[in-house]
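Below is one structure, written out as structure tokens; comments come after it.
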Amino acid sequence: MRYISILGSTGSIGTQTLDVVRRDSEFKVLALAAYSNIELLKKQAEEFKPRLVCVYDRKKAEELSEIFKADGTDCTVVSGPEGLSEAATVEGADLTVVAVVGMIGIAPTIAAINAGKDIALANKETLVCAGHIIMPLIKEKGVRLLPVDSEHSAIFQCLAGEEHESVSKLILTASGGPFRGYTKEMLKNVKLEDALKHPNWSMGKKITIDSASMVNKGLEVMEAHWLFDVNYEDIEVLVQPESIIHSMVLFKDGALKAQLGVPDMRIPIEYALYAPRRVFISEDSMPDLSAIKCINLMKPDTEVFEGLKLGIEAGMTGGSMPTVYNAANEEAVALFLDGSIGFTDITEAIKGAMKAHSLKFEPCLEEILEAETEARNYVKGRFNI
Ligand code: NDP
Ligand code: MG
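Numbering (our numbering), first residue to last: 1349 to 1733.
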């Protein structure tokens, strides 16, 4: 039996993780966490019977607690940041799946590692902002960090059985998003509904916007740097519009390994849960090679998609700069989603926040949160909000 906790269980990654878990009686879910979607959490609790659920929003948590009392459901309801960490560290769990969106993932991930849990990490913001804290802690506690992000899962699979010294370069692939081929001028006029139409992947709103701006790839370059201990100079990004090659590793002898597959997040989720074992998911996750007519690869246009360039710059600068990049983006994407700012304002806001920031080296958690507040305030101030 394997016991797990899932943070962000009502989201895109969370529900797909439950799809994988549902098929296998080897798994027992001990805790679930979400922000406020108690309708879905209630259904999930009925089906998976966790011992504990966290609803971050306190009012909604009270509501769910009353519902559970009324219908006799035996499940503790907790809330807020301390509740999220409680769900991350629930007693008896071997693995914590971190699939919440945003920097809120940092503290529960640290708590789970400290409690000796293996981590299946979808939440890239955590490594971007706190990779220098997370990676040594993973080593110290002797737990496993299993990537869920498809590119990082691909690299993880390519590296199986290889020595770190043999790696020459990581090649992260990107779809290029819905605006691939656009000019700067064309980007200025794009609408929210266009940005939300990802050509290949169905994901949560925030990461879908990040994919359209290519900020997602900036975050992923930093994520790869921390996960695989590779210098920024040795991480390349290539656009692969069909999203068939999920990423590649170039070795010192010139051998190139790639992981290919249909764009289905259940495959990297499954690998994070079972690695190095593999299990059948469904006929839909099987690639039809004869239907794939060609695979294109091209360099990204970082003049148009400045979000990627700024991400690499933030990573190379290090210290608190990746937090500023990430927090300014989180704030700006929220404003874009509610219609307050335009699409290209997102990268402009990131650029401005990075310029205004006084760098801190090796920031502790408190300093990371300070840099976050500063960047968020900068973005709000910039747009008078
Ligand atoms: P979604 O927006 O679909 O889901 C986010 C989840 O996090 C929801 O369950 C939400 O709850 C929960 N949540 C948000 N804030 C809190 C909080 N403060 N406390 C507890 N729970 C919270 O996001 P995705 O599933 O798309 O993405 C999750 C993470 O995985 C992101 O970091 C993303 O970058 C990464 N990722 C996602 C991929 C994808 O295919 N979707 C691919 C690779 C990485 P509620 O529903 O109540 O709001
Ligand atoms: Mg990805």
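Think of the CB as a built atom: it goes at the ideal place given N, C-alpha and C, for glycine as much as any other residue.
Three CB pairs or more closer than 8 Å across the region 1496-1503 and the region 1468-1487: yes
T1671 Cβ short of 7 Å to the ligand NDP heavy atom set: no
E1499 Cβ short of 7 Å to the ligand MG heavy atom set: yes
Any non-hydrogen atom of the ligand MG closer than 7 Å to E1590 Cβ: no
Minimum length 3: unbroken beta strand (DSSP E) runs contained in the region 1400-1450: 1400-1403, 1424-1427, 1443-1446
Helix, strand or coil at T1358 according to DSSP, with G and I counted as helix: coil
Proximity of A1441 and K1465 at Cβ, strictly below 8 Å: yes
Which residues DSSP lists as bridging M1596, in chain order: I1519, A1606
Residues bridged to K1376 (per DSSP): Y1351
3-residue-minimum beta strand (DSSP E) runs that sit fully inside the region 1452-1511, ordered along the chain: 1466-1469, 1493-1495
Any non-hydrogen atom of the ligand NDP closer than 7 Å to M1562 Cβ: no
Spatial neighbours of V1515 in its chain, beta-carbon cut-off 7 Å, leaving aside the 5 residues before and after: V1578, V1597, F1599
Buried/exposed call for D1558, threshold 16 Cβ in 10 Å: buried
Distance, P1711 Cα to N1732 Cα: 29 Å
The region 1683-1697 contacting the region 1537-1554, beta-carbon criterion three pairs below 8 Å: yes
S1633 versus V1368 - alpha carbon distance: 12 Å
Through-space distance from T1671 to S1373, alpha-carbon basis: 39 Å
Whole-angstrom distance between W1574 and E1488, CA atom to CA atom: 16 Å
beta-carbon E1473 near the ligand MG non-hydrogen atom, thresh 7 Å: no
8 Å Cβ cutoff met for V1358 and N1385: Correcting the residue type first, residue 1358 is Thr in the shown sequence and not Val. Yes, Cβ-Cβ distance for T1358 and N1385 is below 8 Å.
Residue from L1378, Y1383, V1727 with nearest C-alpha to K1397: L1378
G1356 vs V1448 beta-carbon contact at 8 Å: yes
Cβ distance (whole Å) where V1569 is taken to contact G1663 below 8 Å: 6 Å
Same chain only: Cβ atoms within 6 Å of A1676, ignoring 5 sequence neighbours per side: A1697, I1698, A1701, A1723, V1727
Euclidean distance between Cα positions of P1547 and G1420: 44 Å
Any 3 or more C-beta pairs closer than 8 Å across the region 1579-1590 and the region 1636-1645: yes
Residue range of the alpha helix (DSSP H) that includes L1645: First-last for L1645: undefined, no H or E at that position.
Pick from A1639, P1648, M1613, L1443 that is closest to V1563, judged by C-alpha positions: P1648
For I1583, the three-state DSSP class (helix, strand or coil): strand
Cβ-based burial, E1581 [other Cβ within 10 Å; buried from 16]: exposed
A1522 vs V1585 beta-carbon contact at 8 Å: yes
Buried or exposed by the 16-neighbour rule on C-beta atoms within 10 Å, applied to M1451: buried
N1548: CB within 7 Å of a non-hydrogen atom of the ligand NDP: no
Beta-carbon proximity check, L1443 vs I1361, cutoff 8 Å: no
Cβ-heavy atom distance, E1568 to the ligand MG, below 7 Å: yes
Separation of E1410 from K1417, as counted between CA atoms: 10 Å
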